[in-house]
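Peer 1:
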Amino acid sequence: MRKIYIFDTTLRDGEQSPGVNLNTREKVEIAHQLEKLGVDRMEAGFPAASPGDLAAVNAVARAVKDVTVIGLSRSREQDIDAVRQALIGAQDPCIHIFLATSPIHRKHKLRMDKEQVLETAQSALRYARKYFSKIEFSLEDAGRTEYDFIAQMVGMAIKEGASVVNIPDTVGYLNPSEYGAIFKFVKENVPDVEKIQLSAHCHNDLGMATANTLAAIQNGADQIEGTINGIGERAGNTAIEEIAMALATRQSFFNATTSLQLSEIARTSRLVSKLTGMVVPGNKAIVGANAFAHESGIHQDGMLKEKTTYEIMTPESIGLKESKLVLGKHSGRHAFREKLIDLGYELDDLQVNEAFAKFKDLADKKKEVSDDDLLALIEEKLVDTVEVFKLETIYVTYGNTSVPTAKVRIVKEANEVLVEEAEGNGSVDAIYNAIDKATLEEVTLDDYSIKSVSHGKDALGEVHVVLTQNGVSAQGRGLSTDILEASARAYVDALNRLIEKRVTFSNRENVKL
Ligand code: KIV
Ligand code: ZN
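Read in order, the letters of the sequence shown correspond to residues 51 to 563 in this note's numbering.
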């Protein structure tokens with residue numbers, strides 16, 4: 051059985067999804083979970099993009115132990131230096147250098163001919179070789195590059211010491227037989243190709259990322275690149291969970307396996323969705339809420355007789371469990387702790403007490419507290435935010451024939467009380483206007499989304515917002531059984547994160563790469 055190496059780029063290509071803006075603590079939290087999932091390599095970011103990115107990659111590099119941590123770099127020395135700095139403290143550092151190779155990119159983006167592309171990549175690799183023993187080189191837009199030039203570039207990368215060469219379908223243009231054929235061609239025509247690993251990296255513009263990646267595996271790819279839930283630029287990247295489950299479910303067909311702990315898939319998917327604010331569609335393969343739901347009578351009948359009639363893999367295999375113990379307001383601390391353990395959380399006494407108090411609060415408002423509610427409560431506290439502003443109270447008046455008003459009471463830096471009132475087009479607008487007035491922060495609301503954490507009229511609502519101020523964006527989350535309160539909490543959370551970024555950036559103005 052061939053082992054396929056998993057290169058996760060949730061924190062880099064995934065973070066390039068519109069509206070996604072992870073802070074350092076969130077990146078580290080996801081990195082820890084990716085480590086539990088068992089990815090072999092993780093791309094933590096693009097250090098040259100900003101001091102914040104560099105710091106986040108460094109935090110991930112220091113936090114994880116058993117995974118190769120990778121920093122992305124263009125084919126230039128300043129970028130390579132930024133990766134060097136970002137990977138200080140990594141147990142197993144690797145640099146990922148890329149340069150576009152297709153005629154379209156050469157002509158319009160790079161304004162270079164083939165010779166210049168080759169030389170630019172060659173000198174970047176030579177420079178990187180002085181500092182890194184592990185180098186991955188990517189031929190950006192390889193999918194639309196001439197075969198002979200692909201062969202030339204891969205051959206050059208091998209000579210210059212790359213250990214992995216990636217052949218991306220950057221714009222998601224190819225179909226499986228075309229993408230697979232490139233790997234076959236490279237395997238058969240590039241001298242010394244057996245000395246390196248070949249990697250597949252697909253985008254999902256035509257919905258073929260998973261199929262293309264599997265075709266690459268069938269044609270000799272040793273590593274695949276992707277993201278959790280398939281998030282990423284435009285239509286996203288290959289979803290890692292889809293590849294892992296395709297290889298596991300059709301093992302005798304692919305004769306290939308990964309080192310992933312499949313039972314960590316559901317938890318990883320939930321965490322990534324929560325922290326990025328990117329909701330997983332119900333019909334998403336493997337991790338969508340309906341992926342294991344059987345609605346039609348005929349299917350239900352089949353399932354009751356024999357599960358394999360309509361189930362090709364089990365929900366348990368990706369870590370979904372059927373809830374046996376439902377908690378309510380009479381549940382005690384012992385049952386609560388047992389439930390947390392069952393859900394995979396070993397919290398210390400202090401954390402249990404804090405979570406238990408929140409659970410009791412919620413149980414007063416809801417008859418039954420579901421596993422999803424509990425997970426939302428616990429995961430809300432996974433990544434702490436520095437609270438400059440703390441929302442204390444909020445009052446809203448609304449009638450469909452009157453102008454909505456909101457009054458908020460916010461405490462600034464634990465001592466200054468700010469009370470303001472405002473009107474708005476709707477209740478949420480009124481709340482946000484009142485918060486703006488109280489905090490005196492001038493921000494733009496770029497994104498607002500709301501979802502229900504569990505089922506029923508009394509379900510917890512989770513709001514996700516993205517705010518921008520002077521070109522800097524931050525996202526925020528709020529959780530409550532009342533969606534107006536959740537909206538207010540999300541907004542204040544995002545404001546706190548913006549302020550944190552502002553402070554971090556001004557302290558880092560003088561960072562020299
Ligand atoms: O899609 C792509 O080509 C990339 C490269 C940087 C590998 O993300
Ligand atoms: Zn990509």
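A virtual CB, placed ideally from N, CA and C, is assigned to each residue, including glycine. Just so it is clear, the structure is predicted and the values come from calculations on it, not from any experiment.
#1: Rounded to whole angstroms, how far is the Cβ of Gln525 from the Cβ of Val513, which I believe are closer than 8 Å?
#2: Roughly how many angstroms lie between the CA atoms of Glu356 and Arg300, to the nearest whole one?
#3: Per DSSP, what kind of secondary structure is Gln128 in: helix, strand or coil?
#4: For Glu65, verify whether its CB is less than 7 Å away from any heavy atom of ligand 1.
#5: Going by beta-carbon coordinates alone, are Pro241 and Gly205 separated by less than 8 Å?
#6: If I'm right that Gly222 touches Ala285 with Cβ under 8 Å, what's the distance once you round it to whole angstroms?
#7: Which of helix, strand or coil does DSSP assign to Tyr197?
#8: Express the C-alpha separation of Gly211 and Val561 in angstroms, rounding to a whole number.
#9: When you measure from the CB of Asn24 to every non-hydrogen atom of ligand 1, does any distance come out below 7 Å?
#10: What residue does the beta strand (DSSP E) around Asn216 start on, and which one ends it?
#11: Below 7 Å CB to CB, which residues in the same chain sit around Met51 once its five sequence neighbours on both sides are set aside?
#12: Using the C-alpha atoms, what's the distance from Ala296 back to Thr288?
#13: Going by beta carbon distance, what residues of the same chain come within less than 6 Å of Phe57, once the five residues before and after it are set aside?
#14: Rounded to the nearest angstrom, what separates Asp421 and Lys324 at their Cα positions?
#15: For His251, list the residues DSSP reports as bridge partners.
#16: Say the cut is 7 Å; is the CB of Thr288 nearer than that to a heavy atom of ligand 2?
#17: Alpha carbons only, please: which of Glu473, Glu466, Leu441, Thr443 is nearest the one belonging to Thr455?
#18: Grouping DSSP H, G and I as helix and E and B as strand, with all else coil, what is Tyr448?
#19: Taking the alpha carbon of Arg383 as the reference point, which residue from Phe406, Ser213, Ala140, Ala294 has its own alpha carbon closest?
#20: Within the present structure, is the beta-carbon of His253 separated from the nearest heavy atom of ligand 1 by less than 7 Å?
#21: So if DSSP puts Pro143 in a beta bridge, which residue, or which two residues, is it bridged to?
#22: Locate the alpha helix (DSSP H) running through Ser313, then write down its first and last residues.
Peer 2: Taking the structure as given:
#1: Rounded, the Cβ-Cβ distance is 11 Å, inconsistent with contact.
#2: One C-alpha to the other measures close to 20 Å.
#3: In the structure shown, Gln128 sits in a helix (DSSP, three-state: H, G or I).
#4: No, the Cβ of Glu65 stays beyond 7 Å of every heavy atom of ligand 1.
#5: When the beta-carbon positions are compared, Pro241 and Gly205 come within less than 8 Å of each other.
#6: Contact flag correct, Cβ pair sits at about 6 Å.
#7: Three-state DSSP puts Tyr197 in a helix.
#8: Here the model assigns Val561 a pLDDT of 34, short of 50, so the residue's position is not dependable, and the following value carries that caveat. A direct Cα-to-Cα measurement between Val561 and Gly211 gives close to 30 Å.
#9: In the structure displayed, the chain extends from 51 to 563; residue 24 sits before or after that span and is not available.
#10: Unbroken beta strand (DSSP E) run through Asn216: 214-219.
#11: Contacts found: Asn305, Ala306, Thr307.
#12: Taking the straight line from one Cα to the other gives about 12 Å.
#13: Contacts found: Arg91, Gln273, Glu275.
#14: It is roughly 15 Å from the alpha-carbon of Asp421 to the alpha-carbon of Lys324.
#15: Per DSSP, Pro218, Glu275.
#16: A distance criterion of 7 Å places the beta-carbon of Thr288 beyond contact range of ligand 2, judged by its closest non-hydrogen atom.
#17: Among Glu473, Glu466, Leu441, Thr443, the Cα nearest to that of Thr455 is on Glu473.
#18: Secondary structure of Tyr448 (DSSP, three-state): coil.
#19: With respect to the C-alpha of Arg383, the residue from Phe406, Ser213, Ala140, Ala294 having the closest C-alpha is Phe406.
#20: True, at least one ligand heavy atom lies under 7 Å from that Cβ.
#21: In DSSP, Pro143 forms a bridge with Val119.
#22: For Ser313, no alpha helix (DSSP H) segment is defined, and its DSSP state is neither H nor E.
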